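Down below is the structure, laid out as C-alpha coordinates.
Residue numbers (our numbering): 3 to 478.
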(Lines of atoms letter the chains of each structure in order from A and count residues from 1; the text may use other names and numbers.)
(Lines give C-alpha, C1' and ligand atoms only; values in the text may rest on other atoms or scores of the structure.)
Protein backbone atom coordinates (compact mmCIF):
# COMPACT_ATOMS: atom_id res chain seq x y z
CA UNK A 1 0.00 0.00 0.00
CA UNK A 2 2.61 2.51 -1.13
CA UNK A 3 -0.17 4.95 -2.08
CA UNK A 4 -0.73 5.69 1.62
CA UNK A 5 2.83 6.99 1.89
CA UNK A 6 3.02 10.77 1.34
CA UNK A 7 6.56 10.71 -0.05
CA UNK A 8 5.72 7.89 -2.48
CA UNK A 9 2.65 9.73 -3.75
CA UNK A 10 4.81 12.78 -4.45
CA UNK A 11 7.31 10.62 -6.36
CA UNK A 12 4.43 9.29 -8.49
CA UNK A 13 3.12 12.73 -9.44
CA UNK A 14 2.64 13.16 -13.19
CA UNK A 15 4.55 15.93 -14.96
CA UNK A 16 3.05 18.07 -17.72
CA UNK A 17 5.66 19.82 -19.88
CA UNK A 18 4.11 22.41 -22.20
CA UNK A 19 7.32 24.15 -23.30
CA UNK A 20 6.65 23.11 -26.89
CA UNK A 21 3.36 24.98 -26.93
CA UNK A 22 5.21 28.26 -26.35
CA UNK A 23 6.72 30.80 -28.78
CA UNK A 24 10.24 30.34 -27.48
CA UNK A 25 10.25 26.76 -28.72
CA UNK A 26 7.89 26.45 -31.71
CA UNK A 27 8.26 29.98 -33.03
CA UNK A 28 6.37 33.27 -33.06
CA UNK A 29 3.74 32.21 -35.58
CA UNK A 30 2.58 28.96 -33.99
CA UNK A 31 3.49 29.25 -30.32
CA UNK A 32 1.76 30.98 -27.44
CA UNK A 33 3.27 33.64 -25.22
CA UNK A 34 3.01 34.24 -21.51
CA UNK A 35 0.93 37.25 -22.51
CA UNK A 36 -1.56 34.96 -24.25
CA UNK A 37 -1.93 33.10 -20.96
CA UNK A 38 -2.24 36.23 -18.83
CA UNK A 39 -4.76 37.73 -21.28
CA UNK A 40 -6.90 34.64 -20.71
CA UNK A 41 -7.16 35.30 -16.99
CA UNK A 42 -10.93 35.88 -17.03
CA UNK A 43 -11.83 32.85 -19.13
CA UNK A 44 -9.60 30.68 -16.95
CA UNK A 45 -11.12 32.03 -13.74
CA UNK A 46 -14.65 31.61 -15.07
CA UNK A 47 -13.99 28.02 -16.17
CA UNK A 48 -12.38 27.17 -12.85
CA UNK A 49 -15.35 28.62 -10.94
CA UNK A 50 -17.91 26.81 -13.13
CA UNK A 51 -16.25 23.45 -12.51
CA UNK A 52 -15.78 24.17 -8.80
CA UNK A 53 -19.37 25.32 -8.38
CA UNK A 54 -20.80 22.26 -10.10
CA UNK A 55 -18.69 19.57 -8.44
CA UNK A 56 -20.87 16.65 -7.45
CA UNK A 57 -23.96 18.19 -9.05
CA UNK A 58 -25.89 17.16 -12.14
CA UNK A 59 -23.64 15.24 -14.52
CA UNK A 60 -20.53 16.12 -12.55
CA UNK A 61 -21.10 13.38 -10.00
CA UNK A 62 -17.89 11.76 -11.28
CA UNK A 63 -15.83 14.35 -9.37
CA UNK A 64 -16.78 12.63 -6.10
CA UNK A 65 -15.95 9.07 -7.16
CA UNK A 66 -12.48 9.09 -5.55
CA UNK A 67 -14.12 9.73 -2.16
CA UNK A 68 -17.64 8.32 -1.85
CA UNK A 69 -17.36 4.62 -2.69
CA UNK A 70 -15.95 2.95 0.41
CA UNK A 71 -18.77 0.42 0.81
CA UNK A 72 -19.07 -0.12 -2.94
CA UNK A 73 -15.34 -0.81 -3.26
CA UNK A 74 -15.53 -3.34 -0.42
CA UNK A 75 -18.42 -5.10 -2.19
CA UNK A 76 -16.53 -5.09 -5.50
CA UNK A 77 -13.39 -6.56 -3.92
CA UNK A 78 -15.40 -9.29 -2.19
CA UNK A 79 -17.27 -10.08 -5.42
CA UNK A 80 -14.00 -10.19 -7.37
CA UNK A 81 -12.55 -12.70 -4.88
CA UNK A 82 -15.60 -14.90 -5.28
CA UNK A 83 -15.38 -14.69 -9.08
CA UNK A 84 -11.71 -15.67 -8.95
CA UNK A 85 -12.60 -18.83 -7.02
CA UNK A 86 -15.37 -19.92 -9.38
CA UNK A 87 -14.55 -18.64 -12.87
CA UNK A 88 -11.73 -18.48 -15.40
CA UNK A 89 -13.33 -15.90 -17.74
CA UNK A 90 -14.93 -12.52 -17.07
CA UNK A 91 -16.75 -11.01 -20.07
CA UNK A 92 -17.95 -7.41 -20.20
CA UNK A 93 -20.95 -6.78 -22.43
CA UNK A 94 -20.96 -3.06 -23.18
CA UNK A 95 -20.03 -0.32 -25.61
CA UNK A 96 -18.57 3.20 -25.45
CA UNK A 97 -17.61 4.22 -21.93
CA UNK A 98 -18.74 0.85 -20.59
CA UNK A 99 -16.00 -0.80 -22.65
CA UNK A 100 -13.22 1.68 -23.44
CA UNK A 101 -12.34 2.40 -19.81
CA UNK A 102 -12.11 -1.25 -18.73
CA UNK A 103 -10.03 -2.06 -21.84
CA UNK A 104 -7.65 0.86 -21.20
CA UNK A 105 -7.05 0.04 -17.53
CA UNK A 106 -6.72 -3.71 -18.20
CA UNK A 107 -4.09 -3.06 -20.89
CA UNK A 108 -2.26 -0.56 -18.68
CA UNK A 109 -2.05 -2.56 -15.48
CA UNK A 110 -2.10 -6.26 -16.38
CA UNK A 111 0.45 -8.41 -18.17
CA UNK A 112 0.35 -7.46 -21.85
CA UNK A 113 -0.41 -11.10 -22.70
CA UNK A 114 -2.64 -11.69 -19.69
CA UNK A 115 -5.23 -13.86 -21.43
CA UNK A 116 -2.55 -16.01 -23.06
CA UNK A 117 -0.73 -16.83 -19.84
CA UNK A 118 -1.26 -20.25 -18.25
CA UNK A 119 -3.53 -20.05 -15.23
CA UNK A 120 -0.61 -20.72 -12.86
CA UNK A 121 1.05 -17.48 -13.98
CA UNK A 122 -2.08 -15.48 -14.71
CA UNK A 123 -3.65 -16.13 -11.28
CA UNK A 124 -6.75 -14.10 -12.16
CA UNK A 125 -9.56 -14.68 -14.69
CA UNK A 126 -9.16 -13.76 -18.33
CA UNK A 127 -10.93 -10.56 -19.36
CA UNK A 128 -12.88 -10.10 -22.58
CA UNK A 129 -14.64 -6.86 -23.43
CA UNK A 130 -17.22 -7.26 -26.19
CA UNK A 131 -17.77 -3.72 -27.45
CA UNK A 132 -19.35 -4.36 -30.83
CA UNK A 133 -22.19 -6.29 -32.48
CA UNK A 134 -20.29 -7.87 -35.35
CA UNK A 135 -21.90 -11.34 -35.51
CA UNK A 136 -18.57 -13.00 -36.33
CA UNK A 137 -17.10 -11.55 -33.17
CA UNK A 138 -19.86 -12.98 -30.98
CA UNK A 139 -19.45 -16.45 -32.50
CA UNK A 140 -15.67 -16.25 -32.11
CA UNK A 141 -16.05 -15.35 -28.42
CA UNK A 142 -18.35 -18.29 -27.77
CA UNK A 143 -15.89 -20.57 -29.57
CA UNK A 144 -13.17 -19.86 -26.99
CA UNK A 145 -15.24 -19.78 -23.79
CA UNK A 146 -15.94 -22.61 -21.42
CA UNK A 147 -19.33 -21.36 -20.20
CA UNK A 148 -19.08 -23.41 -17.01
CA UNK A 149 -16.10 -21.23 -16.11
CA UNK A 150 -17.44 -17.91 -17.45
CA UNK A 151 -19.31 -15.03 -15.85
CA UNK A 152 -20.70 -12.07 -17.82
CA UNK A 153 -21.09 -8.44 -16.77
CA UNK A 154 -23.75 -6.52 -18.73
CA UNK A 155 -23.11 -2.78 -18.43
CA UNK A 156 -25.56 -0.09 -19.52
CA UNK A 157 -26.98 2.71 -17.42
CA UNK A 158 -30.27 2.95 -19.28
CA UNK A 159 -30.72 -0.61 -20.39
CA UNK A 160 -31.75 0.88 -23.74
CA UNK A 161 -28.37 0.65 -25.45
CA UNK A 162 -29.23 -1.49 -28.46
CA UNK A 163 -25.79 -3.06 -28.86
CA UNK A 164 -25.41 -4.04 -25.21
CA UNK A 165 -28.95 -5.34 -24.83
CA UNK A 166 -28.61 -7.39 -28.02
CA UNK A 167 -25.50 -9.01 -26.52
CA UNK A 168 -27.34 -9.60 -23.25
CA UNK A 169 -30.36 -11.20 -24.94
CA UNK A 170 -28.13 -13.60 -26.87
CA UNK A 171 -25.99 -14.59 -23.88
CA UNK A 172 -28.84 -14.84 -21.37
CA UNK A 173 -30.76 -17.11 -23.72
CA UNK A 174 -27.73 -19.40 -24.01
CA UNK A 175 -27.25 -19.39 -20.23
CA UNK A 176 -30.90 -20.17 -19.48
CA UNK A 177 -30.95 -23.05 -21.95
CA UNK A 178 -27.82 -24.46 -20.35
CA UNK A 179 -28.31 -23.68 -16.66
CA UNK A 180 -31.99 -22.94 -16.18
CA UNK A 181 -32.56 -21.13 -12.86
CA UNK A 182 -28.80 -21.11 -12.27
CA UNK A 183 -28.23 -18.77 -15.23
CA UNK A 184 -28.22 -15.83 -12.82
CA UNK A 185 -24.99 -17.17 -11.30
CA UNK A 186 -23.25 -16.40 -14.61
CA UNK A 187 -24.43 -12.79 -15.02
CA UNK A 188 -23.81 -9.52 -13.16
CA UNK A 189 -25.56 -6.27 -14.07
CA UNK A 190 -24.09 -2.78 -13.77
CA UNK A 191 -26.75 -0.14 -14.32
CA UNK A 192 -28.79 2.70 -12.83
CA UNK A 193 -30.29 1.99 -9.44
CA UNK A 194 -33.45 3.99 -9.99
CA UNK A 195 -34.41 4.04 -13.67
CA UNK A 196 -34.09 2.31 -17.01
CA UNK A 197 -34.73 -1.16 -18.36
CA UNK A 198 -31.74 -3.12 -17.09
CA UNK A 199 -32.54 -2.53 -13.42
CA UNK A 200 -36.01 -4.00 -14.06
CA UNK A 201 -34.47 -7.00 -15.80
CA UNK A 202 -31.84 -7.43 -13.08
CA UNK A 203 -34.52 -7.56 -10.39
CA UNK A 204 -36.68 -9.91 -12.45
CA UNK A 205 -33.73 -12.26 -13.02
CA UNK A 206 -32.38 -11.82 -9.48
CA UNK A 207 -28.95 -10.74 -10.75
CA UNK A 208 -26.12 -9.47 -8.60
CA UNK A 209 -26.16 -5.74 -9.42
CA UNK A 210 -23.80 -2.78 -9.11
CA UNK A 211 -25.02 0.75 -9.63
CA UNK A 212 -23.84 3.60 -11.83
CA UNK A 213 -24.43 6.91 -10.00
CA UNK A 214 -26.99 9.21 -11.64
CA UNK A 215 -24.42 11.98 -12.09
CA UNK A 216 -21.90 9.81 -13.94
CA UNK A 217 -22.08 9.59 -17.73
CA UNK A 218 -20.59 6.71 -19.69
CA UNK A 219 -17.36 8.40 -20.72
CA UNK A 220 -16.72 9.48 -17.11
CA UNK A 221 -17.59 6.10 -15.58
CA UNK A 222 -14.30 4.22 -15.38
CA UNK A 223 -13.81 5.08 -11.70
CA UNK A 224 -17.21 3.74 -10.66
CA UNK A 225 -18.35 0.07 -10.75
CA UNK A 226 -18.34 0.17 -14.56
CA UNK A 227 -14.54 0.05 -14.51
CA UNK A 228 -13.75 -0.92 -10.94
CA UNK A 229 -15.37 -4.36 -11.08
CA UNK A 230 -13.49 -5.61 -14.18
CA UNK A 231 -10.29 -4.12 -12.78
CA UNK A 232 -10.67 -5.86 -9.43
CA UNK A 233 -11.49 -9.19 -11.12
CA UNK A 234 -8.13 -9.16 -12.94
CA UNK A 235 -6.22 -8.27 -9.79
CA UNK A 236 -5.83 -4.49 -10.09
CA UNK A 237 -5.70 -2.55 -6.81
CA UNK A 238 -8.78 -0.35 -7.24
CA UNK A 239 -8.13 1.47 -3.97
CA UNK A 240 -4.80 2.62 -5.38
CA UNK A 241 -6.49 3.60 -8.65
CA UNK A 242 -8.93 5.83 -6.76
CA UNK A 243 -6.14 7.20 -4.58
CA UNK A 244 -4.33 8.34 -7.73
CA UNK A 245 -7.47 10.07 -8.95
CA UNK A 246 -7.88 11.79 -5.58
CA UNK A 247 -4.27 12.97 -5.70
CA UNK A 248 -4.78 14.49 -9.16
CA UNK A 249 -8.04 16.05 -7.98
CA UNK A 250 -6.09 17.88 -5.28
CA UNK A 251 -3.71 19.29 -7.93
CA UNK A 252 -6.67 20.33 -10.07
CA UNK A 253 -8.24 22.32 -7.23
CA UNK A 254 -5.40 24.86 -7.39
CA UNK A 255 -6.65 28.12 -8.90
CA UNK A 256 -3.28 29.22 -10.31
CA UNK A 257 -3.39 28.11 -13.95
CA UNK A 258 0.36 27.50 -14.06
CA UNK A 259 0.19 25.08 -11.13
CA UNK A 260 -2.94 23.22 -12.21
CA UNK A 261 -2.07 20.65 -14.91
CA UNK A 262 -5.65 20.16 -16.13
CA UNK A 263 -6.38 23.89 -16.22
CA UNK A 264 -3.26 24.87 -18.18
CA UNK A 265 -3.65 22.04 -20.68
CA UNK A 266 -7.33 22.92 -21.15
CA UNK A 267 -6.42 26.56 -21.77
CA UNK A 268 -3.71 25.71 -24.30
CA UNK A 269 -6.05 23.35 -26.16
CA UNK A 270 -8.76 26.04 -26.10
CA UNK A 271 -6.40 28.69 -27.46
CA UNK A 272 -5.20 26.25 -30.11
CA UNK A 273 -8.80 25.56 -31.19
CA UNK A 274 -9.37 29.30 -31.54
CA UNK A 275 -6.46 29.28 -34.03
CA UNK A 276 -7.94 26.46 -36.06
CA UNK A 277 -6.05 23.55 -34.50
CA UNK A 278 -9.00 21.19 -34.86
CA UNK A 279 -7.18 17.87 -34.35
CA UNK A 280 -5.92 16.51 -31.03
CA UNK A 281 -3.44 13.63 -31.32
CA UNK A 282 -2.85 11.40 -28.30
CA UNK A 283 0.41 9.47 -28.66
CA UNK A 284 1.58 7.34 -25.71
CA UNK A 285 5.05 5.77 -25.82
CA UNK A 286 4.15 2.53 -24.07
CA UNK A 287 2.10 -0.40 -25.28
CA UNK A 288 0.54 -0.50 -21.83
CA UNK A 289 -0.97 2.94 -22.49
CA UNK A 290 -2.14 2.20 -26.04
CA UNK A 291 -5.84 2.07 -25.17
CA UNK A 292 -5.69 5.15 -22.98
CA UNK A 293 -5.70 6.95 -26.34
CA UNK A 294 -8.88 5.13 -27.39
CA UNK A 295 -10.58 6.03 -24.12
CA UNK A 296 -9.44 9.64 -24.50
CA UNK A 297 -10.89 9.83 -28.01
CA UNK A 298 -14.40 9.23 -26.69
CA UNK A 299 -13.94 11.52 -23.70
CA UNK A 300 -12.62 14.45 -25.74
CA UNK A 301 -14.69 14.02 -28.90
CA UNK A 302 -18.06 13.28 -27.34
CA UNK A 303 -17.68 15.96 -24.67
CA UNK A 304 -16.45 18.87 -26.80
CA UNK A 305 -17.95 18.27 -30.23
CA UNK A 306 -21.08 20.43 -29.96
CA UNK A 307 -23.21 22.34 -32.45
CA UNK A 308 -24.62 24.90 -30.01
CA UNK A 309 -23.33 26.63 -26.91
CA UNK A 310 -25.06 27.17 -23.58
CA UNK A 311 -26.73 30.33 -24.96
CA UNK A 312 -28.24 28.52 -27.92
CA UNK A 313 -25.82 29.93 -30.48
CA UNK A 314 -24.56 27.70 -33.30
CA UNK A 315 -20.84 27.27 -32.69
CA UNK A 316 -19.82 23.86 -34.13
CA UNK A 317 -16.84 23.52 -31.79
CA UNK A 318 -14.52 20.70 -30.82
CA UNK A 319 -11.34 18.94 -31.81
CA UNK A 320 -11.16 15.65 -33.67
CA UNK A 321 -9.23 13.24 -31.42
CA UNK A 322 -6.74 10.95 -33.13
CA UNK A 323 -5.01 8.00 -31.49
CA UNK A 324 -1.43 7.07 -32.21
CA UNK A 325 1.18 4.83 -30.60
CA UNK A 326 4.83 5.56 -30.21
CA UNK A 327 7.07 4.18 -31.65
CA UNK A 328 4.75 2.36 -34.08
CA UNK A 329 3.16 5.44 -35.60
CA UNK A 330 6.42 7.27 -36.13
CA UNK A 331 6.51 4.99 -39.17
CA UNK A 332 2.97 5.82 -40.31
CA UNK A 333 1.63 9.14 -39.02
CA UNK A 334 4.47 11.41 -37.91
CA UNK A 335 5.29 12.29 -41.52
CA UNK A 336 1.86 13.96 -41.65
CA UNK A 337 2.19 15.55 -38.23
CA UNK A 338 5.55 17.13 -39.07
CA UNK A 339 4.99 18.19 -42.68
CA UNK A 340 1.22 18.28 -43.16
CA UNK A 341 -1.28 21.03 -42.24
CA UNK A 342 -0.74 23.12 -39.12
CA UNK A 343 -4.03 21.91 -37.66
CA UNK A 344 -2.95 19.65 -34.79
CA UNK A 345 -1.89 19.58 -31.17
CA UNK A 346 0.09 16.44 -30.33
CA UNK A 347 0.12 15.09 -26.77
CA UNK A 348 2.99 12.70 -26.09
CA UNK A 349 2.86 10.43 -23.05
CA UNK A 350 6.17 9.19 -21.73
CA UNK A 351 7.21 6.77 -18.99
CA UNK A 352 10.32 7.35 -16.89
CA UNK A 353 10.72 3.83 -15.54
CA UNK A 354 9.28 0.91 -17.46
CA UNK A 355 8.35 -2.14 -15.41
CA UNK A 356 10.79 -4.35 -17.31
CA UNK A 357 14.27 -3.84 -18.77
CA UNK A 358 15.46 -5.60 -21.92
CA UNK A 359 19.10 -5.44 -22.97
CA UNK A 360 19.97 -5.19 -26.66
CA UNK A 361 22.40 -7.97 -27.47
CA UNK A 362 25.88 -7.47 -28.94
CA UNK A 363 26.59 -8.47 -32.50
CA UNK A 364 27.64 -7.39 -36.01
CA UNK A 365 30.41 -5.05 -34.89
CA UNK A 366 31.40 -4.68 -38.54
CA UNK A 367 28.03 -3.10 -39.42
CA UNK A 368 27.87 0.32 -37.74
CA UNK A 369 24.22 0.85 -38.70
CA UNK A 370 23.35 -2.10 -36.48
CA UNK A 371 26.09 -2.23 -33.86
CA UNK A 372 25.37 1.28 -32.52
CA UNK A 373 22.40 -0.28 -30.69
CA UNK A 374 24.57 -2.77 -28.81
CA UNK A 375 25.15 -2.16 -25.13
CA UNK A 376 21.89 -0.25 -24.79
CA UNK A 377 18.40 -1.27 -23.71
CA UNK A 378 14.98 -1.20 -25.31
CA UNK A 379 14.06 1.19 -22.49
CA UNK A 380 16.68 3.65 -23.69
CA UNK A 381 15.57 3.20 -27.28
CA UNK A 382 11.87 3.92 -26.78
CA UNK A 383 12.69 6.94 -24.62
CA UNK A 384 15.11 8.25 -27.25
CA UNK A 385 12.47 7.73 -29.92
CA UNK A 386 9.96 9.80 -27.94
CA UNK A 387 12.45 12.61 -27.40
CA UNK A 388 13.37 12.48 -31.08
CA UNK A 389 9.72 12.83 -32.10
CA UNK A 390 9.31 15.74 -29.71
CA UNK A 391 12.39 17.40 -31.23
CA UNK A 392 11.26 16.74 -34.79
CA UNK A 393 7.82 18.21 -34.15
CA UNK A 394 9.17 21.23 -32.31
CA UNK A 395 11.76 22.14 -34.94
CA UNK A 396 8.98 21.95 -37.54
CA UNK A 397 6.96 24.44 -35.44
CA UNK A 398 4.27 21.91 -34.50
CA UNK A 399 2.44 22.37 -31.20
CA UNK A 400 3.09 19.51 -28.79
CA UNK A 401 3.34 18.82 -25.09
CA UNK A 402 4.39 15.85 -22.99
CA UNK A 403 2.84 14.12 -19.99
CA UNK A 404 5.30 11.91 -18.12
CA UNK A 405 4.40 9.08 -15.76
CA UNK A 406 7.15 8.14 -13.29
CA UNK A 407 6.02 4.55 -13.87
CA UNK A 408 2.84 2.79 -14.92
CA UNK A 409 0.91 1.60 -11.86
CA UNK A 410 -2.63 1.86 -10.53
CA UNK A 411 -1.90 5.18 -8.81
CA UNK A 412 -0.46 6.92 -11.90
CA UNK A 413 -3.25 5.54 -14.12
CA UNK A 414 -5.78 6.96 -11.67
CA UNK A 415 -3.99 10.28 -11.94
CA UNK A 416 -3.94 10.17 -15.74
CA UNK A 417 -7.62 9.32 -16.14
CA UNK A 418 -8.67 12.04 -13.74
CA UNK A 419 -6.34 14.58 -15.35
CA UNK A 420 -8.03 14.07 -18.73
CA UNK A 421 -11.50 14.20 -17.18
CA UNK A 422 -10.75 17.50 -15.44
CA UNK A 423 -9.06 18.91 -18.56
CA UNK A 424 -12.21 18.08 -20.51
CA UNK A 425 -14.46 19.73 -17.92
CA UNK A 426 -12.36 22.91 -17.87
CA UNK A 427 -12.13 23.09 -21.66
CA UNK A 428 -15.88 22.60 -22.06
CA UNK A 429 -16.48 25.45 -19.64
CA UNK A 430 -14.12 27.67 -21.65
CA UNK A 431 -16.05 26.81 -24.82
CA UNK A 432 -19.33 27.60 -23.03
CA UNK A 433 -20.92 24.28 -24.02
CA UNK A 434 -22.69 21.43 -22.27
CA UNK A 435 -19.73 19.12 -21.82
CA UNK A 436 -21.81 16.24 -20.54
CA UNK A 437 -24.58 15.73 -23.09
CA UNK A 438 -24.34 13.88 -26.41
CA UNK A 439 -27.17 14.90 -28.77
CA UNK A 440 -25.16 13.85 -31.82
CA UNK A 441 -24.93 10.29 -30.52
CA UNK A 442 -28.67 10.21 -29.87
CA UNK A 443 -29.38 10.98 -33.54
CA UNK A 444 -27.72 7.76 -34.65
CA UNK A 445 -29.35 5.76 -31.87
CA UNK A 446 -32.81 7.04 -32.80
CA UNK A 447 -32.29 6.13 -36.46
CA UNK A 448 -31.32 2.59 -35.43
CA UNK A 449 -34.44 2.30 -33.28
CA UNK A 450 -36.56 3.48 -36.23
CA UNK A 451 -35.03 0.93 -38.60
CA UNK A 452 -35.85 -1.85 -36.14
CA UNK A 453 -39.44 -0.65 -35.77
CA UNK A 454 -39.16 0.36 -32.13
CA UNK A 455 -42.38 1.88 -30.82
CA UNK A 456 -42.24 5.65 -30.51
CA UNK A 457 -39.87 6.16 -33.44
CA UNK A 458 -42.43 6.04 -36.25
CA UNK A 459 -41.80 9.67 -37.19
CA UNK A 460 -38.07 9.05 -37.59
CA UNK A 461 -38.81 5.96 -39.70
CA UNK A 462 -41.13 7.99 -41.93
CA UNK A 463 -38.48 10.68 -42.34
CA UNK A 464 -35.88 8.05 -43.28
CA UNK A 465 -38.26 6.45 -45.77
CA UNK A 466 -38.93 9.87 -47.33
CA UNK A 467 -35.22 10.62 -47.85
CA UNK A 468 -34.13 10.93 -51.52
CA UNK A 469 -33.34 7.60 -53.14
CA UNK A 470 -29.67 6.90 -53.85
CA UNK A 471 -28.54 8.04 -57.30
CA UNK A 472 -27.07 5.01 -59.08
CA UNK A 473 -24.80 7.32 -61.09
CA UNK A 474 -22.87 7.95 -57.86
CA UNK A 475 -22.28 4.27 -57.16
CA UNK A 476 -19.45 2.47 -58.95
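Built from N, CA and C at the ideal position, the CB exists for glycine as well. Please read these numbers as outputs of a predicted model, since none were measured by experiment.
For the set 412, 457 and 429, the Cα lying nearest the Cα of residue 14 is the one of 412. Between residue 235 and residue 283 a beta carbon distance of about 32 Å is seen, past the 8 Å cut, so the two are scored as non-contacting. Under the three-state reduction of DSSP, residue 473 is assigned to coil, being neither helix nor strand.
Rounded to whole angstroms, residue 221 and residue 61 show a C-alpha spacing of 11 Å. Rounded to the nearest whole angstrom, the CA to CA distance from residue 225 to residue 351 is 21 Å.
Judged by DSSP in its simplified three-state form, residue 232 adopts helix.
Residue pairing from DSSP places residue 282 in a beta bridge opposite 323 and 347. Contact check for residue 97 against residue 152 fails: the beta carbons are separated by 7 Å or more. Here DSSP, grouped into helix, strand and coil, assigns residue 367 to coil. CA-to-CA, the gap between residue 339 and residue 82 works out to about 43 Å.
Using a Cβ-Cβ distance cut-off of 8 Å, the stretch 60–80 and the stretch 189–206 are not in contact, since fewer than three pairs of beta carbons, one from each stretch, lie closer than that value. For the 7 Å CB-CB criterion, residue 156 and residue 191 form a contact. In terms of Cβ geometry, residue 438 and residue 53 do not form a close pair [threshold 7 Å]. Taking 7 Å as the cut-off, the Cβ atoms of residue 359 and residue 381 count as close. According to the DSSP assignment, residue 157 belongs to the beta strand (DSSP E) that extends over 152–157.
In the three-state reduction of the DSSP assignment, residue 318 falls in the strand class. In this structure, the CA atom of residue 309 is about 11 Å from the CA atom of residue 434.
The Cβ atoms of residue 424 and residue 270 lie no closer than 7 Å to each other. Residue 451 and residue 29 have their C-alpha atoms roughly 51 Å apart. For residue 241, the enclosing alpha helix (DSSP H) has its first and last residue at 240–253. With a threshold of 16 other beta carbon atoms within 10 Å, residue 50 meets it and is buried.
Apart from sequence neighbours up to five positions away, the residues of its chain that approach residue 313 with a beta-carbon distance below 8 Å are 434, ordered along the chain. Taking every protein chain shown into account, the CB of residue 159 has 16 or more other CB atoms within 10 angstroms, so this residue is buried.
Boundaries of the beta strand (DSSP E) around residue 192: 189–193. One Cα belongs to residue 104, the other to residue 238, and the distance between them is close to 11 Å. According to the DSSP assignment, residue 379 belongs to no alpha helix (DSSP H), since it is labelled neither H nor E. Taking 7 Å as the cut-off, the Cβ atoms of residue 20 and residue 403 count as close. In this structure, 66 is the residue among 66, 322 and 421 with its C-alpha nearest to the C-alpha of residue 218.
Annotated three-state conformation of residue 183 is helix, per DSSP. Three or more beta-carbon pairs drawn from the stretch 34–46 and the stretch 262–269 are found closer than 8 Å, and the two stretches are therefore classed as touching. Residue 406 is bridged by DSSP to 17 and 352. Beyond the five residues adjoining it in sequence on each side, residue 196 comes within less than 8 Å, by CB distance, of 216 in the same chain, given in chain order. Residue state for residue 417 is assigned as helix, using DSSP reduced to three classes. Here residue 168 is not near residue 133, since their CB atoms are 7 Å or more apart. Cβ-Cβ distances below 6 Å link residue 320 to 306 and 307 in the same chain, with the five nearest sequence neighbours on each side left out; the list follows chain order. Taking the Cα positions, residue 286 is about 14 Å away from residue 347.
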